[in-house]
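Data first, discussion second: the structure below is written as structure tokens.
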Amino acid sequence: MNVLQQKKLKPLSFTNVVIDDAFWSPRIQVNREQTIPHQYVQCKETGRMDAFNLAWNHGMDNEPHIFWDSDVAKWIEAASYSLATHPDPELEKLVDDVISLIASAQQPDGYINIYFTVVKPGERWTDLRDAHELYCAGHLIEAGVAHFEATKKRTLLDVVRRYADHIDSVFGIEEGKKRGYCGHQEIELALVKLYRVTGEKRYLELSQYFIDERGREPHYFILEKEDKTGFFHDFMNHLDNIKEYNQSHKPVREQSKVVGHSVRAMYMYSAMADLAGEIGDESLLKACERLWGHLHTKNMFITGGIGSTGKNEGFTYDYDLPNETSYAETCAAIGLVFWNQRMLQLECDGKYADAMERALYNGVISGVSLDGKKFFYANPLASLGDRHRNEWFGCACCPPNIARLLASLGGYIYSQSMDELIVHLYIQGEAKFDLHGQQIKLKQKTEYPWNGKVTIHIELEQPDVFGVKLRIPKWCKEAQLKVNNQEIEMTGILEKGYVRMEREWKNGDTVELDLVMPVERVYSHPNVRQNVNDAALQRGPLIYCLESVDNVESLHKIKLLNEGELTTIYDQTLLGGVMKITGDAEVVGHTDWGDKLYWTEKGNSEPFQITAIPYYAWDNREPGQMRVWIPEGNKY
Ligand code: FUB
Ligand code: ZN
-4 MNVLQQKKLK PLSFTNVVID DAFWSPRIQV NREQTIPHQY VQCKETGRMD AFNLAWNHGM
56 DNEPHIFWDS DVAKWIEAAS YSLATHPDPE LEKLVDDVIS LIASAQQPDG YINIYFTVVK
116 PGERWTDLRD AHELYCAGHL IEAGVAHFEA TKKRTLLDVV RRYADHIDSV FGIEEGKKRG
176 YCGHQEIELA LVKLYRVTGE KRYLELSQYF IDERGREPHY FILEKEDKTG FFHDFMNHLD
236 NIKEYNQSHK PVREQSKVVG HSVRAMYMYS AMADLAGEIG DESLLKACER LWGHLHTKNM
296 FITGGIGSTG KNEGFTYDYD LPNETSYAET CAAIGLVFWN QRMLQLECDG KYADAMERAL
356 YNGVISGVSL DGKKFFYANP LASLGDRHRN EWFGCACCPP NIARLLASLG GYIYSQSMDE
416 LIVHLYIQGE AKFDLHGQQI KLKQKTEYPW NGKVTIHIEL EQPDVFGVKL RIPKWCKEAQ
476 LKVNNQEIEM TGILEKGYVR MEREWKNGDT VELDLVMPVE RVYSHPNVRQ NVNDAALQRG
536 PLIYCLESVD NVESLHKIKL LNEGELTTIY DQTLLGGVMK ITGDAEVVGH TDWGDKLYWT
596 EKGNSEPFQI TAIPYYAWDN REPGQMRVWI PEGNKY
């Protein structure tokens, strides 16, 4: 084992965490009671479920699409996580039935894919660039692993193992195997999960093969497309750079800049981080660190959304972060959470948890309506009133992605090492760790994100010496720490965004952390041309926005005053309960303009009190404009 492998943390499994939190529990409940059933119905009504019957024939309506398997797989994953924390015999039976259906679609050699079984039989693995075959396989594998972890049933796990074995027999550098990889990364991270749950090294090696092979010359996709057009031929040919689009422009270890399709990138970097830790590969870690820096310092929206344009569903150029046309796909913000959570296990650096938290509280949960039944695919940072969530999509990657993340949220809160318990996120509930041969419970009490006070009670049978690490978020400029009511000086114990307290812990010890949480005005780097002279409002981990319904119809007429006061008030009745921000502003008046379009005089301004709400909650009331970045200036 090298240093990288040794110092790697272990995330505490969602099965060891109970969330009982005023902010998250209602969301998880809506996810369980509304979103998961709603998505089952959508998958059923659109034919995705029944397509596994393999009864479709040419000439019939509703031809199965290349992504369908993945939507059902993500639904199983979400439902499985939910079953682990909230047993539900009816849902369990439904999941069992869907799994039987998938198992029935498995071919004698282990292969499972609806499209290439009924629509294009005989063409397996011939369109790796476009046809998402390995992507669908990856999602099935993730579902099999999640189902096993959640229920201890091997039904789907055994099915996907056979499929993974088949894939292993097709791909690789050995004579007679295909030296390909998928145009949409996903299988790579799934195989690492399969390895972890089965202990079967071949799966890890296959994941590594896919990562190592990417971007190698002669280029697989160029060879593949010499005599065959791909499923997305027209779309691909409109792209500026197809190799960058799917991050195969260079071997992954040589990549330094985030390019192309953002979900593909996030899933690939997640697998690179996983592999770096599993095989102790410093070069993969270094590549991840370079890519992370490029993304987080030049290409991320303040909401943790990523992907500046819909043209490639991805990155454009540095500091290009438009507001009305931002793409910021929900899946990409989720992918950012996946990647940062993995980086955090390799190096306990608060910058990864800060990024994970930013995405989670903003660009991820904006993706689902408060009633759990409508979803954003793209998450703009400004809207003229015409952007609304939908119940479903033809390409429905985002809805079940958010469902699986919410259902497994418990797995993102804590980690442990040989002698440390680490708290990354402040979410009320209980966590059970096994450390030094005994079970240790951390009971977290907090009203985060509305209030930065956190109390952690420690329960253990035998006093023991170990470290407790608590994250001090970057947004927090003032924090106080106490253990058993005694103030602790933080300066000497602050390491990379975490305070580390090592001592002999006894049953009943209490740690109190107070993260002071004022409203902050945040500014963009001047290179972000869209936001010069604008400020965004942030409080704790939450980014705020204005909506017409609380303000004026045309939000661009509002100007935040430089010296204006900003105050907060918790409104229990608004949007499920939110801390609102109100503040001094001005609104441009209309006096004397008549029918003039241009004039040599400036219009008058009137005093105005703005009301801002958390960004995640926008578009849950009557339609209207929304904006995150607000012009700021002196009183008129
Ligand atoms: O291609 C599969 C999924 O559909 C991607 O991850 C999303 O960006 C959407 O294109
Ligand atoms: Zn998506």
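Per our numbering, the sequence shown starts with residue -4, numbered consecutively. In this text, a Cβ means the ideal position worked out from N, Cα and C, and glycines have one as well. These numbers come from a predicted model, not from an experiment.
Secondary-structure assignment with DSSP links residue 385 through a beta bridge to 370. Annotated as proximal: residue 162 and residue 201, with beta-carbon spacing under 8 Å. Assigned with DSSP and collapsed to three states, residue 42 falls in coil, not helix or strand. In this structure, residue 500 places its C-beta atom within 8 Å of the C-beta atom of residue 458.
When distances are taken from the beta-carbon of residue 38 to the heavy atoms of the ligand ZN, even the shortest one reaches 7 Å or more. The DSSP-derived three-state label of residue 80 is helix.
Scanning the segment 48 to 128 for uninterrupted alpha helix (DSSP H) segments of 4 residues or longer gives 63 to 80 and 84 to 99, listed from N- to C-terminal end. The ligand ZN has no heavy atom closer than 7 Å to the beta-carbon of residue 131. Taking 8 Å as the upper bound for CB-CB distance, residue 286 and residue 253 are in contact here, some 6 Å apart. DSSP places residue 515 inside the beta strand (DSSP E), whose first and last residues are 514 to 517.
Cβ atoms of residue 325 and residue 374 come within 8 Å of each other, at about 6 Å.
Collapsing the DSSP output to three states places residue 264 in a helix. If you check the C-beta of residue 304 against the ligand ZN, you find no heavy atom less than 7 Å away.
In this structure residue 309 touches residue 255 by the C-beta definition: roughly 5 Å separates them, less than 8 Å. Look at the beta carbons and you see the segment 46 to 62 not touching the segment 443 to 451: under three pairs across the two are nearer than 8 Å. Look at the beta carbons and you see the segment 136 to 151 touching the segment 73 to 89: at least three pairs across the two are nearer than 8 Å. Within 10 angstroms of the beta-carbon of residue 34 lie 16 or more other beta-carbons, which makes it buried. Following the DSSP letters along the chain, one finds residue 333 inside the alpha helix (DSSP H) bounded by residues 325 to 341. The C-alpha of residue 265 lies about 55 Å from the C-alpha of residue 591. Per DSSP, reduced to three states, the secondary structure at residue 149 is coil, with no helix or strand assignment. Sixteen is the threshold: since fewer than 16 other Cβ atoms of the shown chains lie within 10 Å of the Cβ of residue 511, the residue is exposed. Going by DSSP, residue 600 is part of the beta strand (DSSP E) stretching over 600 to 609.
The residues 59 and 61, in chain order, have a CB closer than 6 Å to that of residue 110 in the same chain once the five nearest residues on each side in sequence are set aside. Per the DSSP secondary-structure output, residue 452 pairs in a beta bridge with 438 and 505. Distance from the Cα of residue 124 is smallest, within the candidate group 242, 42, 38 and 21, for 242. It is roughly 43 Å from the alpha-carbon of residue 610 to the alpha-carbon of residue 196. Distances between the C-beta of residue 62 and the heavy atoms of the ligand FUB include at least one below 7 Å. According to DSSP, residue 29 shares a beta bridge with no other residue. Per DSSP, residue 540 lies in no alpha helix (DSSP H); the unbroken beta strand (DSSP E) holding it starts and ends at 537 to 542. Comparing alpha-carbon positions, the option among 126, 343 and 623 lying closest to residue 492 turns out to be 343. Rounded to the nearest angstrom, the Cβ distance from residue 442 to residue 17 is 6 Å, consistent with a contact under 8 Å. For residue 287, the enclosing alpha helix (DSSP H) covers residues 277 to 293. Counting of Cβ neighbours within 10 angstroms places residue 134 among the buried residues, the total reaching 16 or more.
For residue 583, the uninterrupted beta strand (DSSP E) run begins and ends at 573 to 583, by DSSP.
Put simply, of 425, 393, 453 and 284 the residue whose alpha carbon is nearest the alpha carbon of residue 10 is 425. With a cutoff of 8 Å on beta-carbon distance, residue 624 and residue 395 are scored as not near each other.
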